[in-house]
Each structure stands twice: as C-alpha cells, then as structure tokens.
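One structure is given here, and the rest of the page talks about it.
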Amino acid sequence: MITRSLGTAGPVVSSMGLGCMGMSDFYGAADDAESIATIQAALDAGITLLDTGDYYAAGHNELLIGQAVRGRDRDTVAISVKFGLMRAPDGAVVGIDGRPAAMKNFLGYSLRRLGTDHVDIYRLGRLDPSVPIEETVGAIGEMVQAGFVRYVGLSEVGAATVRRAQAVHPVADLQIEYSLLSRGIEAEILPTCRELGVGVTAYGVLSRGLLSGHWSRDREVADRDFRRTAPRFIGENLDRNLSLVDALRAVAEARSATVAQIAIAWALSRGEDIVPLVGARRRDRLSEALGALEIGLSADDLAAIERAVPAGAAAGGRYQEAQMAVLDSEHEQPAR
C-alpha cells in the first residue's frame, strides 16, 4: 500500500482511507457482520485510515470499528473521529456543540466505544457558529498534550477558518467533500491548505454512489436513506448527473476499469496531499475500490475525464439548502 502524509503536521497513512459512516447511518440498512468483515478486509489490504463520527447512529459506528480492530496492533490503525453534531432519538440533527467541555465529554464516550486509549485524529464535524474555532481547536490541543488525541483535524470549513485554526494548533488535515461532481474547494480552500501544510481527506469521492457506476434512474431508495431527498438524486437533476456518469463510463471502458475506479483514481491524481475516503460497505465494493490504486491516469486520460465531467457540471447541490447553509466551507465559494 502506497502511503501519504496528512499535511506537514499529521500522520503517514495509506493513500486511501475507509469511510465507515454508511455501515451505520444515512444510507439505509446495513449488515453488521459484513461491515466488520469489510473493515477487517480493508486493514488486511493495507488501509490504515478509518473514518467515523460519534454521531453516526448514536455511537453504533464507533462500536463496529472497536469490534473490527480488537486484537490488532493499535499503532497500525489511524482512527479519525468527528464530534459535535447532536442527534435526537429519531436521528434528527438538533444542533452543533463545539464547546471545550462538550468536546471532552464526547471524547470520553468515543474512547470507551472504540475500546482505545486515544483517537488519532479528532475534529469538529461542523463549525459551531456560537463557539470560536480557536476555542474548540485549543481544547483539542489540550487533549493532544494529555495523550487522548494524537492530531487535530478540521471538517467542512472554509479557508479563513483553516487559517484561524492553524494559528492556534498545528492541523493535520481538513476533511471535506471533493469529487468530480464537487470541486468547489479548488478555488480557495485547497490552495490555502497547501499554503499552510494542511492535508485533505476527501470524502464523497463517488458522490454518494452517483459516480459508482451502480446507480440507476429506477433504483428504489429506502426511507432512511438521505439520498431520497438529496438534490442530485431527484428528477431532472438525477437524469443530468447520470448522463455525466454515462460519459465517464466510456472513459472507464477505454481503460478496462469501472466508473468507480476512474472516479477514485481521479481523486488520487489531484495531489499527494489528498487522501480519498471510500465508503465501501461490503467486501466486493471494497475490492473494486482498491483496484483504483493500480490505475495510473495519463494526461490524455485526465483530459478525457475533464471532457466527460467538466468542473461545475453537476446538477443540484450536494445537500438540501438548509444543510448547505450551515457549511462554513460553502460561505466563501459558489456551491457546487
């Protein structure tokens, strides 16, 4: 497995990480046994970065990871945890809490669920507008000094917030959506991260399944799958986006690859400071994603990909308007 460094201040991890959210939440039902087997298969294949959030099904996702890594050498696994989103019993998001005292409380519960004495990268899932980022990051820095956290991370924040956070404590990486269909970070956020030596962990590299090559216009979407109401998966937007996938499929077939592999390979090609997170929930999907590591894209390949899916071509926002409104990362650039 090729490795990459998460910024100048972060850990060296596998060039691809495993995003575990869908094993517990937001994408409908999943099988716990298959989820654990998929995490273990990823670790066996050389993936060292596992990403989760304490609010994914009220800690269920952390419990899965805790079971999957039990008995393994803890130093061979980098666990990234997001905190701060508060969920009601029905799963609704009811607020964001970035207060230092709340962070320490969240961390304590995460350590217990994960069955570990430290989290490798700890980050606020969404910016709390009522708490200065300096306070939250400073408090996480205290947890670094205490040994409960190894590195400070950020999630879905804009360039100005990255600068403010970095001035308080070295930041390993910014976790943010980045894919062929979501390229807004290229305007200001990515250049700022590179200037400051902050790495990027890119989630949504398959645009929540749109770029997987497995989505279809007549696919039934479960009631608890957030894609049921996501703008890019609805009506004419879906038709437009799947036409982009069809164009990308031609590029993939020319390389004897799948659409998903080309989309992941594109993300890998964007820079050595970017680590894509793949959200495989099953071992077969994981195996397909790992195949992207074997694909070296030429200049001609990249040009063909650009023609198939030009920047800004996606129809619809990546979240509903109310959810987009709370994203600090979207306040400094056009939403794409």
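Residues 223 to 558 in my numbering are what the sequence shown spells out, letter by letter.
Idealized CB from N, CA, C, for every residue including glycine.
Keep in mind that this is a model prediction, so the values were computed, not measured.
Runs of the alpha helix (DSSP H) lying entirely within the stretch 383-444, each at least 4 residues long, are 411-418 in chain order.
Cα atoms of Ala521 and Val303: separation of roughly 36 Å, rounded to the nearest angstrom. In the three-state reduction of the DSSP assignment, Asp461 falls in the helix class. Listed in chain order, the alpha helix (DSSP H) elements of length 4 or more contained wholly in the stretch 265-315 are 282-291. Annotated as distal: Gly275 and Ala394, with beta-carbon spacing of 7 Å or more. Residue state for Val371 is assigned as strand, using DSSP reduced to three classes. Our two residues, Pro532 and His391, have alpha carbons roughly 37 Å apart in a direct line.
The Cβ-Cβ distance between Ser236 and Ile269 falls below 7 Å. Assigned with DSSP and collapsed to three states, Ser227 falls in strand. Within the DSSP secondary-structure output, Val379 pairs in no beta bridge.
Ranking Met223, Ala263, Met243 by CA distance to the CA of Val234 puts Met223 first.
Thr230 and Val420 have their C-alpha atoms spaced approximately 7 Å apart. By the Cβ neighbour-count rule, Thr298 is exposed, with fewer than 16 other Cβ atoms within 10 Å of its own. In the displayed model, Asp247 falls within coil according to three-state DSSP, outside both helix and strand. By the Cβ criterion, the stretch 427-435 is in contact with the stretch 453-463, since at least three pairs of Cβ atoms, one from each stretch, lie closer than 8 Å.
Apart from the 5 residues on each side of it in sequence, Ala514 sits with its Cβ closer than 6 Å to the Cβ of Gln483, Ile486, Ala487 in its chain, given in chain order.
Rounded to the nearest whole angstrom, the CA to CA distance from Arg540 to Asp447 is 15 Å. By the Cβ test, the stretch 406-415 is not in contact with the stretch 500-520, since fewer than three Cβ pairs between them sit closer than 8 Å. By the 16-neighbour rule on beta-carbons within 10 angstroms, Asp273 is buried. For Ser236, DSSP records a beta bridge to Thr225.
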